[in-house]
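Here my numbering is used: the first residue of the sequence shown is 424, the next is one more, and so on.
What follows is one structure encoded as structure tokens, with my remarks underneath.
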Amino acid sequence: MTLPNPFPIGLAFNGRPSAPRDGSDIRAHAVAGAETAEAWRPWLDAIKQADEAGLDFATFDDLWARSGSPGQSPLDATLLLARIGPATRRIGLLPAVVVSTTEPFHVSTAIATLDYVTRGRAGLVPVVPAQPDVDAAVAHAGAGIYALPDTRHGLYQDAAGAVDGVRRLWDSWEDDAIIRDVATGRFVDRDKLHYVDVKALTFSIRGPSIVPRPPQGQPPVAVTWREDGDVAWAARHADILFVPEPADSAAWTAQRQALDGAQQQAGRHLAPLRYVVDVPVSFDDAADAAAPRAGREDAPHTAQALARRILAWRDAGFAGVRLHPRDIRRDVPVVTDVLLPLLQDAGLAAAADIDASFPPISLRGRLGLAAATNRYATAGQGAR
């Protein structure tokens with residue numbers, strides 16, 4: 424099931440609950456916050472609030488996935504969302520994973536497991552680490568530990584191969600591979616499990632996966648545009664591209680033409696890439712942002728002004744928006760309690776109870792993506 428005319432609205436959780444503003448050591452603040460047993464709870468509370476309000480998805484970066492970002496969490500993004508997932512009902516959850524240093528086999532099983540515990544609401548944000556982080560990792564562990572390519576182009580090629588391997592592993596079980604045949608004592612039909620046989624410069628995968636095909640078949644893959652290399656591999660392997668907020672609509676028109684051209688050049692075999700705009704959110708005065716004083720309705724920090732901005736980007740052709748709250752304790756309540764109702768009144772966001780029935784709408788459905796086919800099942804049918 425997909426939402427009618429979907430314009431998904433999501434949150435990017437990439438900051439400490441209250442990120443340091445004094446220029447102090449970001450990582451020291453973040454690591455100190457992880458030393459308590461309840462370090463995950465602010466994220467649980469914020470994502471549950473977003474879930475109950477009706478937001479469509481949340482992405483989560485960890486320390487390794489987001490170099491130099493204010494107050495990023497040192498908690499492992501995938502493990503954290505596996506803990507939070509069962510406590511939510513609707514919202515899609517996409518952890519960021521550094522695929523350059525995480526085995527593709529483990530990435531595939533972790534995201535497939537998250538898809539099971541959320542009943543079809545998982546996704547993946549694969550990340551190529553920033554060069555300073557690559558250099559630091561190699562200096563700390565030695566080049567032989569990670570066997571990382573020594574150029575940015577090589578890193579992106581390696582990452583693209585990893586994502587391709589992850590996707591193939593998700594398809595390595597057909598949907599009906601589990602048969603539970605008591606008469607013959609067979610749990611699976613071995614003809615519906617497939618070797619993936621991926622060979623890259625720094626890894627190889629035989630397969631099949633050790634986890635059955637995820638409920639969505641192919642959990643959505645989203646790439647954040649941080650440098651030019653992100654565009655090239657997103658054009659070939661991703662479903663969603665998160666685009667930094669353009670300066671204006673004219674700039675976006677030029678960017679979109681270039682992005683469309685990159686898809687054509689890549690020989691894309693997936694459905695057209697969907698562009699989601701990244702919009703920073705910082706309500707310095709939460710009370711005024713929610714209920715602005717007379718004459719301040721157009722101030723840039725108000726929910727009303729942000730709603731108009733989002734509507735303008737929808738009209739410019741974006742397929743969704745990802746909001747980046749600066750302070751989750753201050754900004755998320757304004758997003759859920761003030762901004763989202765404004766967008767719902769404008770017909771841009773669905774009501775929170777649209778999917779009160781069980782099971783929930785899948786993340787693919789929320790993002791406007793069609794049901795995923797299985798490359799190996801399709802190939803097998805063609806051969807018969």
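Beta carbons are placed, not taken as given, at the ideal position from N, Cα and C, and that holds for glycine.
Predicted model, so just to flag it, every value in this text is computed and none were measured.
What first and last residue would you give for the alpha helix (DSSP H) that runs through residue i?
i, result
"Tyr579", "Arg575 to Asp594"
"Phe436", "Per DSSP, Phe436 belongs to no alpha helix (DSSP H); it is in the beta strand (DSSP E), Ile432 to Phe436."
"Ala674", "Ser672 to Ala689"
"Pro465", "Arg464 to Ala476"
"Phe528", "Pro527 to Val540"
"Asp651", "Asp651 to His660"
"Thr501", "Ala500 to Ile507"
"Asp485", "Per DSSP, Asp485 belongs to no alpha helix (DSSP H) and is neither H nor E."
For residue i, count the other beta carbons within 10 Å of its own beta carbon; 16 or more makes it buried, fewer makes it exposed. Which is it?
i, result
"Glu597", "buried"
"Ser490", "In this predicted model, Ser490 has a pLDDT of only 49, less than 50, meaning its place in the structure is not dependable; the value taken from the coordinates is given anyway. The residue is buried, with at least 16 neighbouring Cβ atoms inside 10 Å."
"Val586", "buried"
"Val605", "exposed"
"Ala637", "In the sequence as presented, Ala is not what sits at residue 637; that position holds Pro. That one is buried."
"Leu624", "exposed"
"Ala559", "exposed"
"Ser447", "For Ser447, the predicted model reports a pLDDT of 37, less than 50, meaning its position is unreliable; a value from the coordinates is still stated below. Exposed, by the Cβ-count rule."
"Gly630", "buried"
"Gln680", "exposed"
"Gln641", "buried"
"Val454", "Residue placement at Val454 is flagged as unreliable, the pLDDT there being 45, under the threshold of 50; the coordinate-derived value follows with that caveat. It is exposed - the Cβ of Val454 has fewer than 16 other Cβ atoms within 10 Å."
"Gln554", "exposed"
"Phe610", "exposed"
"Tyr799", "buried"
"Gln687", "exposed"
"Ala562", "exposed"
"Arg544", "buried"
"Arg716", "Note on Arg716: pLDDT 46, under 50, position unreliable in the model; no value is reported."
"Arg590", "buried"
"Ala735", "exposed"
"Thr574", "exposed"
"Leu664", "buried"
"Ala772", "buried"
"Ile602", "exposed"
"Ala476", "buried"
"Ala809", "Residue 809 lies beyond the residue range present for the chain, which begins at 424 and ends at 807; the question has no answer from this structure."
"Ala793", "exposed"
Taking the alpha carbon of residue i as the point to measure from, which residue in the options has its own alpha carbon closest?
i, options, result
"Gln727", "Leu766, Asn437, Ala655 and Gln554", "Leu766"
"Val548", "Ile514, Ala435, Val611 and Thr625", "Ala435"
"Val646", "Gly630, Tyr698 and Gln688", "Tyr698"
"Pro695", "Ser627, Ala773, His660 and Phe706", "His660"
"Gly515", "Arg798, Ser785 and Phe706", "Ser785"
"Val702", "Leu517, Ala670, Gln687 and Leu746", "Leu746"
"Pro635", "Arg679, Ala535, Val550 and Ala553", "Ala535"
"Ala541", "Ala553, Ile601, Val530 and Asp474", "For clarity, residue 541 is Thr in the given sequence; the question names Ala instead. Nearest option by C-alpha distance: Asp474."
"Ala583", "Phe626, Gln554, Ile602 and Arg732", "Phe626"
"Asp662", "Ala772, Ala795, Val520 and Ala730", "Ala795"
"Leu503", "Gln688, Val520 and Gly684", "Val520"
"Leu682", "Thr525, Asp612, Ala670 and Val666", "Val666"
"Asn437", "Ser531, Phe483 and Phe706", "Phe483"
"Gly788", "Phe480, Ile602 and Asp599", "Phe480"
"Ala510", "Thr532, Leu537, Trp648 and Phe528", "Leu537"
"Val704", "Ser523, Gly791 and Ala730", "Ala730"
"Val700", "His692, Arg649 and Leu693", "Arg649"
"Val530", "Arg513, Ala505 and Ala670", "Ala505"
"Ile633", "Ala600, Arg691, Ala773 and Thr525", "Ala600"
"Arg464", "Leu498, Pro431, Gly433 and Ile432", "Leu498"
"Pro552", "Ala735, Gly608 and Val522", "Val522"
"Leu762", "Leu478, Ala462 and Gln639", "Leu478"
"Asn797", "Leu571, Leu790 and Lys615", "Lys615"
"Asp671", "Val744, Arg512, Arg732 and Ala769", "Arg732"
"Pro669", "Gly608, Thr725 and Val744", "Val744"
"Gly433", "Ile628, Thr725 and Pro748", "Pro748"
Residue range of the beta strand (DSSP E) that residue i falls in?
i, result
"Ile518", "Reading the sequence as shown, one finds Pro at residue 518 and not Ile. Gly515 to Val521 is the span of the beta strand (DSSP E), which, as asked, contains Pro518."
"Asp620", "It is not in any beta strand (DSSP E) - Asp620 carries neither H nor E in the DSSP assignment."
"Asp604", "Ile601 to Asp604"
"Ile663", "Ile663 to Pro667"
"Ala730", "Element bounds for Ala730: not the beta strand (DSSP E) but the alpha helix (DSSP H), Ala726 to Asp738."
"Ala700", "Residue identity differs from the one stated: residue 700 is Val in this sequence, not Ala. Arg697 to Val704 is the extent of the beta strand (DSSP E) around Val700."
"Pro549", "Val548 to Val550"
"Ala645", "Ala645 to Thr647"
"Phe626", "From DSSP, Phe626 is part of no beta strand (DSSP E); its letter is neither H nor E."
"Val611", "Arg609 to Val611"
Check whether the stretch 589-596 and the stretch 612-628 touch, using three or more Cβ-Cβ pairs below 8 Å as the test. These segments touch.
Counting Cβ pairs closer than 8 Å, one from the stretch 729-749 and one from the stretch 668-678, do we hit at least three? Output reads yes: the stretch 668-678 touches the stretch 729-749.
Does the stretch 468-485 come close enough to the stretch 742-758 that 3 or more CB-CB pairs lie under 8 Å? Put simply, the stretch 742-758 touches the stretch 468-485. At least three CB pairs are less than 8 Å apart.
Specify whether the stretch 651-660 and the stretch 576-586 touch according to this definition: at least 3 beta carbon pairs, one from each stretch, less than 8 Å apart. A contact is defined here as three or more CB-CB pairs under 8 Å, and the stretch 651-660 meets this definition with respect to the stretch 576-586.
In chain order, which continuous runs of the beta strand (DSSP E) of length 3 or greater are located wholly inside the stretch 749-795? Taking only runs of at least 3 residues, no beta strand (DSSP E) segment lies wholly in the stretch 749-795.
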